[in-house]
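For reference, the structure is listed below as structure tokens.
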DNA sequence: TATAGGCACAACCGTTGGTTGTGGCCAGGC
DNA sequence: GCCTGGCCACAACCAACGGTTGTGCCTATA
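Residue numbers (this note's numbering), protein chains in the order written: chain A, 1 to 311; chain B, 1001 to 1311.
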């Protein structure tokens, strides 16, 4: 199936005759006839009934028409997604299941007319470079890297402090706890195989470890979220941290427990980064939306590294 | 933009290299290279960065990828819509704003996995012929034509009695009424330019006219719903009938009034028609859904022609 | 019955898109 | 540091697709 052919089909359906569609498309009537015939041959059904004064859609043609229009719209959107200038707002998030994705979904609900492209870049280095080059418009990053302040031309605002919860299997010693303190976690094995050395994730958990004397293991290959959850569910001595808003998809019978952490509650400080001079109109809308919807969080009783972007 | 090229792009992005994508698509590596180069030339952006051991997506490529996948899905759905056997369930409705569309939206919400194609055929003759030929699976029709019973192989069930309301402009004599009786409408001009002679609509209103002595005008060209509403809103002496569930889109300042009709309330008897031997699995689901959601309506105080499909 | 409008078929031809052959580039191993 | 293997790009060639012109047929309409 060829998009030009589909375009021809839609034009012919709208015009009600091949001649007029041909004029619109600046080709001959014979070309339209051949294209439609080829499309009908490919699909194996007749799309038009040819009459003495034109061509009208068969029932198959009527059923096909909205799909054809949708196909053209999809093509238009695909092209627009990389068109320089006036392309959709490009925002980088950590993962598709993070709280950041939730924020973006909320933004999309509030502004369904604003075209969005959500990507997942590797780390904050890549993200900052992409922002500076104009390849992306904004990035949700947890934190700035310690000792390495953001460049002058990158602005940022902290938009969400997401409490971390302990995720355990049903046989874990703390599985029945309604909440745990950071002190109680001393000696327990916390496993975070998704942490890539050198990223801001590592810096965050390094600080957490040194300040509260926890044991966090980042060893072992990361086989993905599913494998992590499987292991957590089956291993009584193992637990992991997970953002309160992180959406999980796991088999219901795993019996995983989410346990709030207190005294203090470690929070993951999601910030929005963007370029000072970025003129994308939707960027201002996004910033305003985030400012309006994430205001008024209480920082009392929470912990975050000192080097993060201040509130 | 060509769909084969987009398919190639997705394959290359998934494989991480052109060579493997070429093998999957059963073409040479050079062909893949040329296709990607052509796509990049068309879009005006680089989609891959070529490395010594493959090709990885640029940020533009990452933004484009989900759109490309959606494009292919749309193409797949478009093809499936006319594939004989196992195509989406095809249902014919009166108009996109009728109560029937509301029923289908409800069905889609209840069964989002069932693929649907909604069409609007001309009249019940066409619909019955389409059902018998297998071109469509079901049709929402108000009624059977009087004196012309449905063929043996067409089954039907009445799914919704939709009360008719009077629609008037703000200056109409009845505009302030909280409800009107059919008797009160004698002498008032009811205008229904959408009624095509020979269709079951006409038969319905003919019966309504003869039984209650109304004056219904079907004269004049039908310029569409917008023009009808404009005229109704501006003409004090004119009113029209409209289904209670019909969704209107009109400028808010028109001041149109919807007035319930009583003693009796004329109801438009929407029925579902289908072929006795239609094996489409979703058809049974649709019938079950309609039976479950539209049961228990009260027929007391309502009027419908005697020749309609009985409840 | 003549006419006009519209679609399909045939012949022709240029361009597109595939293949084979080859060269360049980069990473890893000796 | 050089060789080698893996991968992509460029060039030449060729078939096939898709466009055009020319023409015939069909069917509403006068």
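For each residue, glycine too, the CB sits at the ideal point set by N, CA and C.
Test: residue i CB closer than 8 Å to a CB of chain B
i                      : result
residue 154 of chain A : no
residue 82 of chain A  : yes
residue 62 of chain A  : yes
residue 59 of chain A  : yes
residue 45 of chain A  : yes
residue 131 of chain A : no
residue 280 of chain A : no
residue 116 of chain A : no
residue 125 of chain A : no
residue 54 of chain A  : no
residue 178 of chain A : no
residue 3 of chain A   : yes
residue 79 of chain A  : yes
residue 90 of chain A  : yes
Residue-chain proximity (residue i, chain A), Cβ-Cβ < 8 Å
i                       : result
residue 1275 of chain B : no
residue 1067 of chain B : yes
residue 1136 of chain B : yes
residue 1086 of chain B : no
residue 1104 of chain B : no
residue 1074 of chain B : yes
residue 1119 of chain B : yes
residue 1070 of chain B : yes
Where the alpha helix (DSSP H) containing residue i begins and where it ends
i                       : result
residue 109 of chain A  : 99-110
residue 209 of chain A  : 200-212
residue 4 of chain A    : 3-15
residue 1061 of chain B : 1059-1080
residue 1289 of chain B : 1281-1293
residue 308 of chain A  : Unbroken run through residue 308 of chain A: none, as it is neither H nor E.
residue 1230 of chain B : 1225-1234
residue 1036 of chain B : 1029-1043
Cβ distance (whole Å) where residue i is taken to contact residue j below 8 Å
i                       : j                       : result
residue 212 of chain A  : residue 182 of chain A  : 5 Å
residue 140 of chain A  : residue 192 of chain A  : That pair is no contact at about 19 Å.
residue 58 of chain A   : residue 49 of chain A   : 6 Å
residue 1006 of chain B : residue 1068 of chain B : 5 Å
residue 87 of chain A   : residue 78 of chain A   : Rounded, the Cβ-Cβ distance is 11 Å, inconsistent with contact.
residue 355 of chain A  : residue 90 of chain A   : Residue 355 of chain A falls outside the range modelled here, since chain A spans only 1 to 311, and no answer is possible.
residue 159 of chain A  : residue 103 of chain A  : 7 Å
residue 1003 of chain B : residue 1063 of chain B : 19 Å between Cβ atoms; not a contact.
residue 1115 of chain B : residue 1276 of chain B : At roughly 23 Å, the Cβ-Cβ gap does not stay under 8 Å, so residue 1115 of chain B and residue 1276 of chain B are not in contact.
residue 138 of chain A  : residue 274 of chain A  : 4 Å
residue 151 of chain A  : residue 128 of chain A  : 7 Å
Host beta strand (DSSP E) of residue i (start-end)
i                       : result
residue 241 of chain A  : 238-243
residue 1140 of chain B : 1138-1141
residue 18 of chain A   : Run containing residue 18 of chain A: none in the beta strand (DSSP E); it sits in the alpha helix (DSSP H), 18-25.
residue 1155 of chain B : 1154-1168
residue 1117 of chain B : 1116-1119
residue 123 of chain A  : Taken as a continuous stretch (DSSP letters only), residue 123 of chain A belongs to no beta strand (DSSP E), as it is neither H nor E.
residue 1091 of chain B : 1089-1092
residue 189 of chain A  : 189-191
residue 215 of chain A  : 215-217
Residue i - partner residues in DSSP beta bridges
i                       : result
residue 48 of chain A   : A/57
residue 257 of chain A  : A/168
residue 1180 of chain B : B/1261
residue 1128 of chain B : Beta-bridge pairing links residue 1128 of chain B to no other residue.
residue 273 of chain A  : A/139, A/156
residue 95 of chain A   : None; residue 95 of chain A has no bridge partner.
residue 266 of chain A  : A/303
Three CB pairs or more closer than 8 Å across the segment 1250-1269 of chain B and the segment 1161-1174 of chain B: yes
Contact the segment 1274-1294 of chain B vs the segment 1102-1116 of chain B: 3+ CB pairs below 8 Å: Touching, yes.
Three-pair Cβ contact test at 8 Å for the segment 1114-1129 of chain B versus the segment 1198-1206 of chain B: yes
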